[in-house]
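Numbered as in the working numbering, the sequence shown ends at 402 without a single skipped number. For each residue, glycine too, the CB sits at the ideal point set by N, CA and C. Notes follow once the structure below has been shown.
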Amino acid sequence: MTRVLAIQNLHVSVDEKKILNGVNLDVKPGEIHALMGPNGSGKSTLAHALMGHPQYHITQGNILLNGEDITHAAPEVRARKGLFMAFQHPREIAGLPLAHFLREAYVSRFGEKISVAKFRELLRILMKELAMDDKFIDRPLNEGFSGGEKKKAEILQMIILRPLYALLDETDSGLDIDALTIVTAGLKRFFGAETAIVIITHYQRILKFIEPDYVHIMMKGEVVKSGDKDLAHELEQTGFKHLSHDTKASRE
Ligand SMILES: Nc1ncnc2c1ncn2[C@@H]1O[C@H](COP(=O)(O)OP(=O)(O)OP(=O)(O)O)[C@@H](O)[C@H]1O
Ligand SMILES: [Mg+2]
Numbered sequence: 151m152t153r154v155l156a157i158q159n160l161h162v163s164v165d166e167k168k169i170l171n172g173v174n175l176d177v178k179p180g181e182i183h184a185l186m187g188p189n190g191s192g193k194s195t196l197a198h199a200l201m202g203h204p205q206y207h208i209t210q211g212n213i214l215l216n217g218e219d220i221t222h223a224a225p226e227v228r229a230r231k232g233l234f235m236a237f238q239h240p241r242e243i244a245g246l247p248l249a250h251f252l253r254e255a256y257v258s259r260f261g262e263k264i265s266v267a268k269f270r271e272l273l274r275i276l277m278k279e280l281a282m283d284d285k286f287i288d289r290p291l292n293e294g295f296s297g298g299e300k301k302k303a304e305i306l307q308m309i310i311l312r313p314l315y316a317l318l319d320e321t322d323s324g325l326d327i328d329a330l331t332i333v334t335a336g337l338k339r340f341f342g343a344e345t346a347i348v349i350i351t352h353y354q355r356i357l358k359f360i361e362p363d364y365v366h367i368m369m370k371g372e373v374v375k376s377g378d379k380d381l382a383h384e385l386e387q388t389g390f391k392h393l394s395h396d397t398k399a400s401r402e
């Protein structure tokens with residue numbers, strides 16, 4: 151079995167508007183990728199399309215997960231197969247306690263029952279590691295959570311679901327420096343040879359804590375340049391101005 155998340159010539163539209171224009175990317179277990187690019191270049195759209203969000207229509211191209219075509223699979227099928235996304239703007243879910251939501255997601259992912267008591271115990275241990283107060287266990291998911299608390303709840307979810315391919319959409323935005331240290335330590339503990347992480351970010355800062363193997367730049371719905379961690383550093387110095395669609399040829 152080929153163990154790779156292969157994104158092949160992906161074209162995506164929302165409401166007839168073309169947003170992605172042929173994205174190609176291979177992500178393999180054990181790799182950390184950073185996806186960067188200006189506001190509105192299509193980074194979140196790519197993540198949503200990979201997760202099967204119904205608003206994002208794949209008009210051309212394929213997504214293969216470990217050799218299996220999931221281009222048009224339902225979101226829950228993708229999640230069960232080990233795809234995960236931490237949202238840039240996590241949704242508030244009125245009336246649904248965090249523990250309840252996470253236990254349902256756990257049962258759906260692994261197909262195994264876990265008692266409420268055992269699951270709450272697991273949550274308490276992981277929340278302690280993430281420096282989250284355990285009163286969050288019974289609070290409705292994300293309702294009234296601060297920006298940083300929402301991001302931590304996303305990472306908690308990720309650690310519990312043990313995805314094979316994790317897409318983190320600006321998980322670093324809104325985290326204070328201590329929270330960033332805690333979250334990245336949690337990510338590192340979770341990360342192993344079985345897991346791939348794609349970090350969507352605007353900042354070098356998180357990449358100093360979790361060093362990427364590859365950095366990709368998206369512009370106008372395409373990956374226009376790929377390189378190693380030095381590319382992120384270079385961007386910090388020069389910005390996106392010198393990059394254009396023409397640099398696509400310089401892709402690895
Ligand atoms: N659901 C949607 N409805 C309408 N337009 C959308 C939708 N999702 C994305 N777009 C548009 O697609 C383009 C790409 O948006 P996207 O959110 O993918 O950018 P991004 O690279 O994640 O930007 P940022 O760095 O600001 O998060 C934008 O012009 C955006 O307005
Ligand atoms: Mg975005």
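| message | Tell me which residues share the same chain as A346 and place their Cβ nearer than 8 Å to its Cβ, disregarding the 5 neighbours each side in the sequence. | response | By 1-based counting over the sequence shown, the position of residue 346 is 196. Hits under 8 Å: L155, V177, K178, P179, G180, E181, I182, H183, L314, Y315, A316.
Following a CB-centred definition, is D283 positioned closer than 8 Å to any heavy atom of ligand 2? Translated into positions along the sequence shown, residue 283 becomes position 133. Answer for D283: no, Cβ out of range of ligand 2.
Determine the direct distance from the alpha carbon of A267 to that of K167, and round the result to whole angstroms. Position 17 of the sequence shown, counting from 1, holds the residue named residue 167. Position 117 of the sequence shown, counting from 1, holds the residue named residue 267. Answer to the nearest angstrom: the Cα atoms are 48 Å apart.
Measure the beta-carbon distance from A224 to L160 and round it to whole angstroms, keeping in mind my assumption that it falls under 8 Å.
Taking the first residue of the sequence shown as position 1, residue 224 is located at position 74. Taking the first residue of the sequence shown as position 1, residue 160 is located at position 10. About 18 Å separates the two Cβ atoms, so there is no contact after all.
- Task: Using DSSP bridges, identify the partner residues of E361.
- Result: As a working mapping, residue 361 is identified with position 211 in the sequence shown. Beta-bridge partners of E361 (DSSP): none assigned.
Report yes or no: do three or more beta-carbon pairs, one from the stretch 281-291 and one from the stretch 242-250, lie closer than 8 Å?
A contact exists between the stretch 281-291 and the stretch 242-250.
Checklist entry - Using a threshold of 8 Å, is the CB atom of G190 nearer than that to any non-hydrogen atom of ligand 1? => result Position 40 of the sequence shown, counted from the start, is the residue given in the question as residue 190. With a cut-off of 8 Å, the C-beta of G190 is classified as near ligand 1, since at least one heavy atom of the ligand falls inside that distance.
Handout entry: Contiguous alpha helix (DSSP H) assignments of at least 4 residues, all confined to the stretch 258-307
Key = Runs of the alpha helix (DSSP H) lying entirely within the stretch 258-307, each at least 4 residues long, are 266-279 in chain order.
TODO: Report the three-state DSSP secondary structure of G227 (helix, strand or coil).
DONE: As a working note, residue 227 is residue 77 in the sequence shown. Here the sequence assigns Val to residue 227, which means Gly is not the residue at that position. In the structure shown, V227 sits in a helix (DSSP, three-state: H, G or I).
| task | Assuming K193 contacts I310 (C-beta within less than 8 Å), just tell me the rounded distance between them. | result | Indexing the sequence shown from 1 puts residue 193 at position 43. Indexing the sequence shown from 1 puts residue 310 at position 160. Not a contact, Cβ separation roughly 25 Å.
Whole angstroms is fine: what's the gap from L381's alpha carbon to K278's? Residue 381 sits at position 231 when you count from the first residue of the sequence shown. Residue 278 sits at position 128 when you count from the first residue of the sequence shown. C-alpha separation (whole angstroms): 35 Å.
Of the residues V365, E344, V173, E386, the one placed nearest R312, counting alpha carbons only: By 1-based counting over the sequence shown, the position of residue 312 is 162. Taking only the C-alpha atoms, the option nearest R312 is E344.
For E372, report the span of its beta strand (DSSP E) as first-last. Position 222 of the sequence shown, counting from 1, holds the residue named residue 372. Here the beta strand (DSSP E) through E372 covers 372-377.
For F359 versus K375, is the C-beta distance shorter than 9 Å?
-> Taking the sequence shown and counting its residues from 1, the one referred to as residue 359 is at position 209. Taking the sequence shown and counting its residues from 1, the one referred to as residue 375 is at position 225. Against a cut-off of 9 Å, the Cβ pair of K375 and F359 comes out as no contact.
- request: Pull up the DSSP beta-bridge partners for I213, would you.
  value: On the sequence shown, residue 213 is found 63 positions in, with the first residue counted as 1. The partner list for I213 (beta bridge, DSSP) reads I157.
- Considering only C-alpha positions, which residue in the set N216, G190, N171 is nearest to H207? Here residue 207 refers to the residue found at position 57 when the sequence shown is read from its first residue. Answer by Cα proximity: N171.
Open item on the list: Counting C-beta neighbours from all protein chains within 10 Å, is the total for E271 16 or more, i.e. buried, or is it exposed?
Closed with: Position 121 of the sequence shown, counting from 1, holds the residue named residue 271. Exposed.
- prompt: In whole angstroms, what is the alpha-carbon distance linking H222 and P204?
  reply: Taking the sequence shown and counting its residues from 1, one reaches residue 222 at position 72. Taking the sequence shown and counting its residues from 1, one reaches residue 204 at position 54. Their Cα atoms are separated by approximately 10 Å.
Q: Pair every Cβ in the stretch 253-263 with every Cβ in the stretch 319-333, then say whether three or more of these pairs are closer than 8 Å.
A: No, because fewer than three Cβ pairs between the stretch 253-263 and the stretch 319-333 fall closer than 8 Å, the two stretches do not touch.
ask   = Between which two residues does the beta strand (DSSP E) carrying L317 extend?
value = Looking up residue 317 in the sequence shown gives position 167. Residues 315-319.
Legend entry - Where E402 sits in the DSSP three-state scheme: The sequence position of residue 402 within the sequence shown is 252, counting from 1. Annotation note: pLDDT 45 at E402 (below 50); position unreliable, coordinate value reported separately. Assigned with DSSP and collapsed to three states, E402 falls in coil, not helix or strand.
query = Residue range of the beta strand (DSSP E) that M235 falls in?
reply = Here the question's residue 235 lines up with position 85 in the sequence shown. From DSSP, the beta strand (DSSP E) with M235 extends over 233-236.
Legend entry - Where the beta strand (DSSP E) containing A141 begins and where it ends: Given a span of 151 to 402 for the chain in the structure shown, any question on residue 141 remains unanswerable.
Neighbourhood of L330 by C-beta, 8 Å cutoff - its chain only, sequence neighbours within 5 removed = In the sequence shown, residue 330 corresponds to position 180, counting from 1. Setting aside the 5 residues that flank it on each side, L330 is surrounded in the same chain by D322, R355, I356, F359, each with a C-beta closer than 8 Å to its C-beta; the list follows chain order.
Is the beta carbon of G232 closer than 9 Å to that of L215?
Residue 215 sits at position 65 when you count from the first residue of the sequence shown. Residue 232 sits at position 82 when you count from the first residue of the sequence shown. Yes, the Cβ-Cβ distance between L215 and G232 is below 9 Å.
> DSSP on M369, reduced to helix/strand/coil?
Replying inline: For the purposes of this step, residue 369 is taken as the residue at position 219 of the sequence shown. Secondary structure of M369 (DSSP, three-state): strand.
Fill in: Check: H352 C-beta below 8 Å from any heavy atom of ligand 1
Counting from one through the sequence shown, the residue named residue 352 turns up at place 202. Yes; taking the cut-off as 8 Å, the Cβ of H352 has a heavy atom of ligand 1 nearer than that.
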